[in-house]
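Residue numbers (the numbering used here): 1344 to 1422.
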């Protein structure tokens, strides 16, 4: 299960980023609208648009590297 790594990554970034969860079983239309093809799926948004996405289990370190290597990393204040 990826929840502990997800929570650890969210805690690392504090309020600099928003981390949200979507239950696609409860809200399948939302998952379809976001083009979620597998679970777990991580979607990165900037200004309301998806800028990147990943599917599959990721560790906290993998998520942090993904975020830090993204275009949105430049807009973050130093963590």
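We put the beta carbon where it would ideally sit given N, CA and C, even for glycine.
Specify the secondary structure class of residue i as computed by DSSP and reduced to three states.
i: residue 1382; result: coil
i: residue 1398; result: strand
i: residue 1372; result: helix
Is the beta carbon of residue j closer than 8 Å to that of residue i?
i: residue 1352; j: residue 1387; result: no
i: residue 1398; j: residue 1384; result: yes
i: residue 1362; j: residue 1349; result: yes
Under DSSP, the alpha helix (DSSP H) around residue i begins and ends at which residues?
i: residue 1406; result: 1403 to 1411
i: residue 1354; result: 1346 to 1356
i: residue 1391; result: Segment: none, residue 1391 is in no alpha helix (DSSP H) and carries neither H nor E.
i: residue 1414; result: Here residue 1414 belongs to no alpha helix (DSSP H), and DSSP marks it neither H nor E.
Quick one: is residue i buried, meaning 16 or more other Cβ sit within 10 Å of its Cβ, or exposed?
i: residue 1410; result: buried
Less than 8 Å between CB atoms is the rule here; does residue i satisfy it with respect to chain C?
i: residue 1400; result: Looking for chain C here will not work: only one protein chain is present.
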